[in-house]
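Read through the structure below, which is laid out as structure tokens, and then see the notes.
Protein chains: 4
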Amino acid sequence: MKTKNDAKLKHQTELTVRYFETDRMKVAHHSSFLVWFEVGRTELLEKVGFPYWKMEENGYYLPVVSFSCRIRGSADYGERVVVETWVEELGSRMIVFGYQVTKNGKAIAGGQTRHLSVDSSNGYRRLPPELLDALRPFVR
Amino acid sequence: MKTKNDAKLKHQTELTVRYFETDRMKVAHHSSFLVWFEVGRTELLEKVGFPYWKMEENGYYLPVVSFSCRIRGSADYGERVVVETWVEELGSRMIVFGYQVTKNGKAIAGGQTRHLSVDSSNGYRRLPPELLDALRPFVR
Amino acid sequence: MKTKNDAKLKHQTELTVRYFETDRMKVAHHSSFLVWFEVGRTELLEKVGFPYWKMEENGYYLPVVSFSCRIRGSADYGERVVVETWVEELGSRMIVFGYQVTKNGKAIAGGQTRHLSVDSSNGYRRLPPELLDALRPFVR
Amino acid sequence: MKTKNDAKLKHQTELTVRYFETDRMKVAHHSSFLVWFEVGRTELLEKVGFPYWKMEENGYYLPVVSFSCRIRGSADYGERVVVETWVEELGSRMIVFGYQVTKNGKAIAGGQTRHLSVDSSNGYRRLPPELLDALRPFVR
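Residue numbers (our numbering), protein chains in the order written: chain A, 1 to 140; chain Z, 1001 to 1140; chain F, 2001 to 2140; chain W, 3001 to 3140.
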């Protein structure tokens, strides 16, 4: 029997830390986690058939209305990290993505980004029901 | 009579949004808020006599261990924003900075960054008592 | 008597190196020079009455079609640098900006960016004659 | 019979444009090319057995002393680009890397970065002869 937890899918993205991303502490700057989260959700949306560039083309915008991140480790230039992306909350006009970044199998950071669905003039816009269906398996 | 609220000082930094900071949504990318927060606390630490570059030189490091941000508005290329920086929590080995970003007097974002005080080998290090004293007027 | 050299004006911008801009070599990443050049020309265009955000609003775009930079020194977090911006070449549909970055009065980098004037659909567009006139005193 | 041209190897890196990298012109900001060049040479050095993070660990630093780039096209969020990296010049204490960025097989940008080999105190340092040998097949 499947439990709710079993059902949760996560998308995995592998990234190599860029020199540009490091700072004088000799690790990736903390803002890099936001950029990596963005790569993670870009790939997740593409995987489920709703590439975000196409969504914007169709007048669906998902601006970030809040973000948070807890950092437990670090990653330096040339190191490989894995970003796991899933969905924390899913509404008709709102998505919260969840993320975990691991290095050598150990979590170095976790976070969330909350997005509203708006149209090009910034008014609320209901997400396509097909997108909601496609994301459901990734809901925690 | 002074109340606690009266006592709270905030440091104000004025910034102009850079073209580099914008994204295809024609506003500053959400990670820009973290960079602006960083400029804010850099100036606050300098103002109270503990420029952070000097702290690192003296073996005090303040890595970000968590951050969060709520976004209610946006700022585009060439627009001027004000970052207000204060201290949310102050401990012997920990500082939480608080931030608000305003544009034309209206809040567009608010956030926090939590920092641990560590030495160059990442072990806990008590902050200089003089720094704690200097920051106290900025504690909320 | 004024010589051509006397006539050359330069716009000066003072910047403080941001932590975000540094890399693991403990200096500002070389791409930062491009961002600082951009701040320099933004301010120069604003100074002469043609803020670039307004130019784009009016359908004048100045994409970068080439850039170059020679680096002789470096700047670290918290250090103040001055960006001098002038015009190397000025045509009816093209501007080459020149830049020098100094730290403590010593040049640490110099460069150029070449821009074409295009409209929103990327076709050539003649620059406003008033802009050419306004920039002329800054031509080398 | 092999001609000089046949002999030239290039390293190919495929990248997807990140949202963070775009600007309000709805294309990757021109400074992104420098970051992509950096990813290209990182991979080239790793491929020939001299990962740059290890070189720095061993006290070999390759700071950028000049860079240049000509831009003929653009790349937007989600688009895939290929960075080709080779060696333009190779000296005992100097490397010039050459780059071409293509999208759908069409060149959108080309450039160079010149690097000096220095030690941790910024004095000239001869490159390891084994590195020179390993890079030779990539010399134009």
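Where is the CB? At the ideal position from N, CA and C, for every residue including glycine. On a predicted model such as this, the values are computed, not experimentally measured, just so you know.
Check: Outcome for Arg136 of chain A when other beta-carbon atoms lying within 10 angstroms are tallied against a minimum of 16; Outcome: exposed
Check: N- and C-terminal bounds of the beta strand (DSSP E) containing Lys106 of chain A; Outcome: Lys106 to Leu116
Check: Short Cβ contact (8 Å threshold) for Val3083 of chain W with Tyr3099 of chain W; Outcome: yes
Check: Three CB pairs or more closer than 8 Å across the segment 1055–1072 of chain Z and the segment 1009–1024 of chain Z; Outcome: no
Check: Chain-ordered residues of the segment 1087–1113 of chain Z with a beta carbon less than 9 Å from chain C; Outcome: Protein chains in the displayed structure are A, Z, F and W, and chain C is not among them.
Check: Cβ-based neighbour list, Leu2132 of chain F, same chain, cut-off 8 Å, excluding 5 preceding and 5 following; Outcome: Leu2090 and Ser2092
Check: CB contact check: Ser66 of chain A to chain Z, cutoff 8 Å; Outcome: yes
Check: Closer than 8 Å to chain F by CB, Pro3051 of chain W; Outcome: no
Check: Inter-stretch contact (C-beta, 8 Å, three-pair minimum) for the segment 100–119 of chain A and the segment 25–41 of chain A; Outcome: yes
Check: Integer-rounded CB distance, given that Thr2022 of chain F should sit under 8 Å from Gly2040 of chain F; Outcome: With 8 Å as the limit, Gly2040 of chain F and Thr2022 of chain F do not qualify as a contact, their Cβ atoms being about 20 Å apart.
Check: Runs of beta strand (DSSP E) lying entirely within the segment 1032–1117 of chain Z, each at least 3 residues, in chain order; Outcome: 1064–1071, 1080–1091, 1094–1103 and 1106–1116
Check: Inter-residue Cα distance where the pair is Lys1054 of chain Z and Glu3046 of chain W; Outcome: 35 Å
Check: Listed by chain order, chain F residues near Ser3031 of chain W by CB distance under 8 Å; Outcome: Ser2031, Leu2034 and Val2035
Check: Contacting residues, own chain, Cβ-Cβ under 6 Å from Phe138 of chain A (five flanking each side not counted); Outcome: Leu9, Trp86 and Val87
Check: Thr1042 of chain Z versus Met2094 of chain F: straight-line alpha-carbon distance, rounded; Outcome: 39 Å
Check: Endpoints, the alpha helix (DSSP H) within which Leu2135 of chain F is located; Outcome: Pro2129 to Leu2135
Check: Contact check, Val1118 of chain Z vs Asp1076 of chain Z, beta carbons under 8 Å; Outcome: no
Check: Chain A contact residues for Tyr1019 of chain Z, given Cβ-Cβ distances below 8 Å; Outcome: The contacting residues do not exist; Tyr1019 of chain Z stays about 17 Å from chain A at best.
Check: Neighbour flag for Thr2085 of chain F against chain Z, beta carbons, 8 Å; Outcome: no
Check: Assigned exposure category for Arg3024 of chain W - 16 Cβ within 10 Å defines buried; Outcome: buried
Check: Contacts around Gly3073 of chain W, its chain only, beta-carbon distance under 6 Å, and the 5 residues preceding and following it disregarded; Outcome: Ile3108
Check: Counterpart residues of Leu2015 of chain F in DSSP-defined beta bridges; Outcome: F:Val2081
Check: Selected residue, minimal CA-CA separation from Thr2113 of chain F, among F:Asn2058, F:Val2048 and F:Pro2063; Outcome: F:Pro2063
Check: is_contact[Tyr1077 of chain Z, chain F] using C-beta, thresh 8 Å; Outcome: yes
Check: Interface flag, Arg1125 of chain Z vs chain A, CB-CB below 8 Å; Outcome: no
Check: Sequence-distant residues of the same chain with beta carbon closer than 7 Å to Gly2049 of chain F, five excluded per side; Outcome: Ala2134
Check: Cβ of Val39 of chain A within 8 Å of any chain W Cβ; Outcome: yes
Check: Pick from A:Gly123, A:Glu79 and A:Ser120 that is closest to Thr102 of chain A, judged by C-alpha positions; Outcome: A:Glu79
Check: Chain W within 8 Å of Met2055 of chain F, Cβ atoms only; Outcome: no
Check: 8 Å Cβ cutoff, Tyr1061 of chain Z in contact with chain A; Outcome: yes
Check: Length of the line joining the Cα atoms of His2011 of chain F and Asn2104 of chain F; Outcome: 17 Å
Check: Test: Thr42 of chain A CB closer than 8 Å to a CB of chain W; Outcome: yes
Check: Separation of Phe3097 of chain W from Gly3059 of chain W, as counted between CA atoms; Outcome: 20 Å
Check: Under 7 Å from the C-beta of Lys3026 of chain W: neighbouring residues of chain Z; Outcome: Arg1024
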